[in-house]
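Asks:
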Amino acid sequence: MIRLITYLLQQGVATVKNICPDLAEGVRGLPMLTDSPCQNGCTACIDACPTDAISVFKIEDNNHVRLDLGACIGCGYCVDACPTGTIKNNPTTRVAVRTREELILTTAGVAAQAANKEIVTASRRAAASVAGSFAAKIPPADSLAKAKWFGRSVAARVVSTGCSACDMELGAAGNPIFDIERFGVHVVASPRFADALVITGPVSKSMQEALVSCYGAMSSPRVVIALGTCAISGGVHKGGYAEANGVENILPVNVYIPGCPPHPWSIVHGMLLAMGKEHLAPAPVSGLVSAPVSAPVSAPAKTD
Amino acid sequence: MKLERNQTTFHQLHDKLNQALEKTSEKRVGLLTSITGGELATLILSPKDGTAELMVTPVENNSYQSFSTHHAQFHWFERAIFDFFGIIPEGHPRFKHLLLHDEYPQDFFPLRKIDLPEGFKNVLARRYEYLEVKGEGVYELPVGPIHAGVIEPGHFRFSCFGETIVNLEIRLGWVHRGVEKRLTEVPWQKAHFVAEAAASDTALANAFAHAIAIESILEVEIPERAQYLRTIALEIERLAVHIIDVGGIGTDIGLLGISSAMGRLRGKALGLADLLSGSRFLRGFIFPGGVRPVNERKLSEIKAGALALKKDLVPVIQILSDNQMATERMKDIGKLSKSLAHEFGMVGIIGKACGISCDTRQQFSQGKYPELAPEPTLASGGDILARTAIRVGEIWSSIDTIVKLVDACPHGEEKIALPDKLKANATGLGIVEATRGELIHLIFTDEEGKICRYAIKDPSFDNWTAISIAIRDNLIADFPLCNKSMALSYSGNDL
Numbered sequence: 015m016i017r018l019i020t021y022l023l024q025q026g027v028a029t030v031k032n033i034c035p036d037l038a039e040g041v042r043g044l045p046m047l048t049d050s051p052c053q054n055g056c057t058a059c060i061d062a063c064p065t066d067a068i069s070v071f072k073i074e075d076n077n078h079v080r081l082d083l084g085a086c087i088g089c090g091y092c093v094d095a096c097p098t099g100t101i102k103n104n105p106t107t108r109v110a111v112r113t114r115e116e117l118i119l120t121t122a123g124v125a126a127q128a129a130n131k132e133i134v135t136a137s138r139r140a141a142a143s144v145a146g147s148f149a150a151k152i153p154p155a156d157s158l159a160k161a162k163w164f165g166r167s168v169a170a171r172v173v174s175t176g177c178s179a180c181d182m183e184l185g186a187a188g189n190p191i192f193d194i195e196r197f198g199v200h201v202v203a204s205p206r207f208a209d210a211l212v213i214t215g216p217v218s219k220s221m222q223e224a225l226v227s228c229y230g231a232m233s234s235p236r237v238v239i240a241l242g243t244c245a246i247s248g249g250v251h252k253g254g255y256a257e258a259n260g261v262e263n264i265l266p267v268n269v270y271i272p273g274c275p276p277h278p279w280s281i282v283h284g285m286l287l288a289m290g291k292e293h294l295a296p297a298p299v300s301g302l303v304s305a306p307v308s309a310p311v312s313a314p315a316k317t318d
Numbered sequence: 394m395k396l397e398r399n400q401t402t403f404h405q406l407h408d409k410l411n412q413a414l415e416k417t418s419e420k421r422v423g424l425l426t427s428i429t430g431g432e433l434a435t436l437i438l439s440p441k442d443g444t445a446e447l448m449v450t451p452v453e454n455n456s457y458q459s460f461s462t463h464h465a466q467f468h469w470f471e472r473a474i475f476d477f478f479g480i481i482p483e484g485h486p487r488f489k490h491l492l493l494h495d496e497y498p499q500d501f502f503p504l505r506k507i508d509l510p511e512g513f514k515n516v517l518a519r520r521y522e523y524l525e526v527k528g529e530g531v532y533e534l535p536v537g538p539i540h541a542g543v544i545e546p547g548h549f550r551f552s553c554f555g556e557t558i559v560n561l562e563i564r565l566g567w568v569h570r571g572v573e574k575r576l577t578e579v580p581w582q583k584a585h586f587v588a589e590a591a592a593s594d595t596a597l598a599n600a601f602a603h604a605i606a607i608e609s610i611l612e613v614e615i616p617e618r619a620q621y622l623r624t625i626a627l628e629i630e631r632l633a634v635h636i637i638d639v640g641g642i643g644t645d646i647g648l649l650g651i652s653s654a655m656g657r658l659r660g661k662a663l664g665l666a667d668l669l670s671g672s673r674f675l676r677g678f679i680f681p682g683g684v685r686p687v688n689e690r691k692l693s694e695i696k697a698g699a700l701a702l703k704k705d706l707v708p709v710i711q712i713l714s715d716n717q718m719a720t721e722r723m724k725d726i727g728k729l730s731k732s733l734a735h736e737f738g739m740v741g742i743i744g745k746a747c748g749i750s751c752d753t754r755q756q757f758s759q760g761k762y763p764e765l766a767p768e769p770t771l772a773s774g775g776d777i778l779a780r781t782a783i784r785v786g787e788i789w790s791s792i793d794t795i796v797k798l799v800d801a802c803p804h805g806e807e808k809i810a811l812p813d814k815l816k817a818n819a820t821g822l823g824i825v826e827a828t829r830g831e832l833i834h835l836i837f838t839d840e841e842g843k844i845c846r847y848a849i850k851d852p853s854f855d856n857w858t859a860i861s862i863a864i865r866d867n868l869i870a871d872f873p874l875c876n877k878s879m880a881l882s883y884s885g886n887d888l
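Given below as C-alpha cells:
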C-alpha cells in the first residue's frame with residue numbers, strides 16, 4: 015500500500031486545468047459550416063454521409079447546406095468530400111446544447127430558421143406517436159430553469175442502452191485527467207437520489223420500459239441528458255425494427271451532447287450546461303477557429 | 394480468407410459436428426446460424442491450416458433435432474436462431490427466447506426471408522420465464538438490467554443459499570438494436586460504420602473483420618502498408634481495453650490507486666489511437682479497400698508513445714501483482730475447468746486462461762497475422778488470477794508488436810479503389826482476434842450482389858455462459874470481481 019501511495023505521489027497532478035480546450039490538430043471533432051459558399055449542384059457531402067445528417071436546399075438559386083449534428087457520427091467523410099471548404103472539421107469540444115434546434119446548422123443562417131423548427135417539430139410528432147404506449151406513464155418534464163437547484167453539485171444516474179462507447183467516455187471523464195467530480199458531478203447508484211438522468215445509446219425497444227421506470231423513480235426537479243448521437247437521434251440504428259430512435263421518443267430531453275462518442279471534455283461541457291455553469295468553460299481566446307461557426311438557428315436558451 | 398461452401402444433409406452435419414467437436418479434434422465450430430430461415434449454416438474452422446468450411450443444411454418442416462443435447466456449445470446459438478428465424482430446435486434442454494424480449498409481437502422473426510410454413514405453431518410464448526431454484530433457504534437476487542455503475546444493461550438472476558451462489562441465470566438482449574438487419578439495409582460502401590457500432594471497445598476489430606469479409610467477396614488484395622497499419626490499430630485497441638480492465642480489477646478489489654493510475658494510462662493508449670486515426674476509438678480508420686492515410690512522423694510518435702507507456706505501466710502492474718491481498722482475492726475464485734471451457738467452446742481470454750490455444754492471430758489470416766503474430770499467452774488456472782495474467786501478458790505482447798510493426802511498416806499506398814458491386818451469390822468471411830477473442834463476420838450476397846444476410850459472432854456470445862459456470866458455488870461477494878475478470882460485451886452479444 016505504501017508503494018502504491020508513493021507511486022501516486024510521484025506521478026504528480028494529472029488533472030488538466032484548462033477546461034474544455036480545443037482538440038489537438040489531426041483529431042476529428044464534429045463538422046462545422048463555414049462562410050465559403052457551397053457549389054451549385056454538388057451533393058458530395060450527402061453521398062458521403064452514412065447517417066443522412068446532411069441535406070442541401072436552395073435559396074434564390076444558391077446551394078445551402080443543412081447539417082444536423084444530432085445525427086452526425088463525426089466520421090469526417092463530408093469534410094474530406096467537400097470541394098469548397100463549406101464543411102470543415104470543428105476542433106471545439108464545447109458542443110453540448112439545450113435545444114434540439116441548436117444542433118441543426120445551416121449556411122443560410124436565419125433564413126432557414128423556420129424550416130429547421132418545422133423539421134424538429136415533425137420529428138417530435140413522429141416520436142410522440144411511437145411513444146404512445148408510454149405517454150401515460152411519463153411524468154411531465156422539468157424545465158431547465160430549475161437546474162439552478164443543482165448549481166453546486168449534480169448526482170447523475172447513468173442508463174446505458176447502446177454500444178457503450180459513450181459510457182466509456184463518461185468513465186474517462188471521471189479519470190484524473192478530466193476529473194469531472196471537481197465540478198460536483200458524481201455518478202450515483204440509484205435513481206432515488208439522482209438529479210440528472212444521463213442516457214447513452216438509442217434506447218431500443220427492450221430498454222424503454224426500464225428507462226421510464228428509472229425516470230419515474232427520480233424525484234423532481236430532474237433533468238434528462240441525452241449523451242451521444244444515438245441517444246439524440248438513433249444514429250446509425252435509426253428506423254430499424256428495434257425502434258432504436260433516441261431518447262426523445264420516450265422522455266423529454268434537457269441537454270444534448272452530440273458526438274459518436276462525445277469527447278470527455280464535451281461530456282464535461284454538457285454537465286456544466288445542465289448545472290448552468292457553462293461560464294467555467296469559456297471559448298479559448300487564442301484557439302479561435304479560423305472560420306466562424308454558422309450561427310445556430312435559434313438563440314441559445316437562457317438558464318432562467 | 395479461404396472458405397469452402399458445401400451443401401449437406403442433417404445426417405452429414407451430425408457426423409461433421411461430432412468429428413469437429415471431439416476433444417482431440419484439430420477443428421472447432423465458429424458459428425451456427427441461418428441465412429433465410431430455410432436452412433442452417435454451420436461454420437467449421439480449421440485453425441491448423443487457416444481455412445474454414447461452411448456447411449449449408451436445408452431445414453425441413455421448420456424444425457430439426459437440437460444439437461445442444463450433445464454439444465453444449467450451441468445452446469445459445471439455437472435459441473438465437475429461433476429468435477431471428479423461427480426455426481425450432483426440437484429437444485433443446487432450455488428452450489426460450491434469448492435476445493428478443495417480451496415487447497416484440499408473437500411470431501415476429503426479423504431476419505426470416507421465407508414464409509412460415511402453413512399451420513406453423515409457435516411452441517414458445519413471448520413471455521420469458523426464469524429458471525426457479527427450489528428448496529428451503531434458497532432465495533433469488535435479481536440484478537439489473539440497469540446496473541449501479543456506468544455499465545451496459547443486462548439482467549442477472551442469482552439463486553443463492555446463504556452467501557453461496559447456487560445458480561446464475563443471465564438474461565441479455567436489452568441493447569438489441571437490430572445491427573445484423575441494418576447491415577443488410579445500408580449500401581455496402583457505408584456498412585462499415587454500422588459494423589463499428591456493434592460494440593464500442595471492439596469497434597476497430599469489427600471494422601477489420603468487416604473489411605476482410607467484404608474484400609474476400611470482391612477477391613481483392615489490399616496494399617502491404619494498409620495491412621501493417623490495420624494490425625497496429627488492432628493492437629492499440631487491445632492495449633487500451635486490457636489496461637482499463639486490469640484497472641477494473643483494482644477497482645473491484647478496492648485498490649483505487651491502481652484503477653486511477655490505469656485510467657490515466659488508458660488515456661495514453663487512446664492517445665496512440667488518436668494519433669493513428671484521429672479518433673480515440675479508432676472509428677472510421679479501417680474500411681474495405683484500405684485505411685485512412687497515416688504519415689511517418691505519426692508512426693514514429695506512436696512507437697515512442699508505446700515504449701513510454703510500457704515504462705509507465707511496469708510499476709503499476711508490479712504493485713498489483715505483488716499485492717498479496719489482491720492475489721488472494723483472485724486465486725481459485727471463479728474457476729472454470731478446461732474440459733467445460735472446451736465443451737462450451739469458450740474463446741479468447743477465458744479459453745486462454747484455461748490453457749486452450751485459441752488465439753486466432755496464430756491461426757487465421759488477418760492483417761500481418763499469422764506471419765508476424767506474437768507468441769501466444771496461455772495460463773492454466775482458469776480462475777480470476779489466470780485471466781488477469783493473460784491480460785497483463787497481452788498488454789506486453791501488444792506493445793512489443795506495435796513497436797515491431799511500426800519498425801517494419803513499408804511505404805506505399807494506403808488504399809485501393811474497389812468495384813461498385815459485390816459479387817453475386819458469394820460468401821465472405823472475416824475472422825479477427827478482438828480483445829475478447831475470436832470475432833467472426835460472415836456475409837452472404839444475393840443474385841444481385843446485395844448483402845442479404847450478415848452474421849456477426851462476437852466472442853462474448855460464446856463466453857457469457859462461462860460466468861454462470863465459473864461463479865457457481867462461489868460467494869456472491871466474489872461475483873463483481875469474477876465478472877470484471879471476464880469483462881464481456883453486452884452490446885456485441887445483443888447486436
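One line per chain: the protein sequences are V and D, in this order.
FYI, my numbering numbers position 28 of the first sequence as 42, with every residue one higher than the one before it.
FYI, my numbering numbers position 461 of the second sequence as 854, with every residue one higher than the one before it.
Ideal Cβ placement from N, Cα and C applies to all residues, glycine included.
1) In this structure, does DSSP put residue 691(D) in helix, strand or coil?
2) Taking the continuous alpha helix (DSSP H) assigned at residue 603(D), which residues delimit it?
3) Is residue 86(V) helix, strand or coil when you go by DSSP?
4) Do residue 256(V) and residue 570(D) come within 7 Å of each other at the CB atom, strictly closer than that value?
5) In angstroms with no decimal places, state the Cα-to-Cα distance between residue 36(V) and residue 443(D).
6) May I ask you to report which of helix, strand or coil DSSP gives residue 628(D)?
7) Which residues, taken in chain order from the stretch 488-516 of chain D, show a beta carbon closer than 9 Å to some beta carbon of chain V?
8) Taking a Cβ distance cut-off of 7 Å, strictly less, list which residues of the stretch 224-241 of chain V are near chain D, in chain order.
9) Short check: CB of residue 616(D) to CB of residue 805(D), under 7 Å?
10) Looking at the secondary structure, which residues open and close the alpha helix (DSSP H) in which residue 572(D) lies?
11) Use the C-beta contact count for residue 718(D): other C-beta atoms within 10 angstroms, 16 or more gives buried, fewer gives exposed.
12) Which residue's Cα is closest to the Cα of residue 561(D): 817(D), 861(D) and 776(D)?
13) On the three-state DSSP scale, how would you describe residue 764(D)?
14) Strictly below 9 Å CB to CB, what residues from chain D border residue 175(V)?
15) Looking at the strands, I want to know which residues DSSP matches up with residue 482(D).
16) Would residue 184(V) pass as an interface residue toward chain D - the criterion being a Cβ-Cβ separation below 7 Å?
17) Taking Cβ-Cβ distances shorter than 9 Å, what residues in chain D pair up with residue 251(V)?
18) Could you give the distance in angstroms between the alpha-carbon of residue 596(D) and the alpha-carbon of residue 450(D)?
19) For the stretch 773-798 of chain D, list the alpha helix (DSSP H) runs that are entirely contained and at least 4 residues long, ordered along the chain.
20) Under 6 Å from any heavy atom of the ligand ADP, does the C-beta of residue 627(D) make it?
21) Starting from residue 18(V), trace the beta strand (DSSP E) both ways and give me its first and last residue.
22) Among 477(D), 623(D), 762(D) and 741(D), which residue has its Cα nearest to the Cα of residue 684(D)?
23) In terms of residue numbering, what span does the alpha helix (DSSP H) encompassing residue 268(V) cover?
24) Please classify residue 852(D) as buried or exposed, where buried requires at least 16 neighbouring CB atoms within 10 angstroms.
25) Whole angstroms are fine: how far does the CA of residue 67(V) sit from the CA of residue 119(V)?
26) If you drop the 5 nearest sequence neighbours on each side, which residues of the same chain put their C-beta closer than 8 Å to that of residue 202(V)?
27) Taking CB distances under 7 Å as the criterion, tell me whether residue 301(V) reaches chain D.
28) So the candidates are 656(D), 738(D), 589(D) and 863(D); which of them puts its Cα closest to the Cα of residue 724(D)?
29) If I measure Cβ to Cβ from residue 247(V) and keep anything under 6 Å in the same chain, skipping five residues before and after, which residues do I get?
30) Do you know how far the Cα of residue 438(D) is from the Cα of residue 406(D)?
31) Does any C-beta atom of chain V lie closer than 7 Å to the C-beta of residue 583(D)?
32) Mind listing the chain D neighbours of residue 172(V)? Cutoff is C-beta to C-beta under 7 Å, in chain order.
33) Quick one: does residue 881(D) have its CB under 7 Å from some CB of chain V?
34) Can you list the residues of chain V that residue 651(D) reaches, using a CB-CB cut of under 8 Å?
35) Can you tell me whether residue 629(D) is buried or exposed, with buried defined as 16 or more other CB within 10 angstroms of its CB?
36) Determine the extent of the beta strand (DSSP E) in which residue 200(V) is found, giving its start and end residues.
Replies: Taking the coordinates as given:
1) helix
2) 596-611
3) coil
4) yes
5) 46 Å
6) helix
7) 492, 493, 494, 495, 496, 497, 501 and 503
8) 224 and 228
9) yes
10) 572-578
11) exposed
12) 861(D)
13) coil
14) 545, 546, 567, 568 and 570
15) 457(D)
16) yes
17) 570, 571, 572, 575, 587 and 590
18) 32 Å
19) none
20) With respect to small molecules bound, the structure shown includes none, and the ligand ADP cannot be examined in it.
21) Looking at the DSSP string, residue 18(V) is not in any beta strand (DSSP E); the run it does join, the alpha helix (DSSP H), is 16-25.
22) 623(D)
23) Note, residue 268(V): premise wrong, no alpha helix (DSSP H); not H, not E.
24) buried
25) 11 Å
26) 169, 170, 171 and 208
27) Any reading at residue 301(V) must be qualified, since the residue scores a pLDDT of 38, below 50, and its modelled position is unreliable; the value itself is stated next. No, residue 301(V) does not count as interfacial toward chain D.
28) 863(D)
29) 84, 85 and 260
30) 14 Å
31) yes
32) 543
33) no
34) 18
35) buried
36) 199-201
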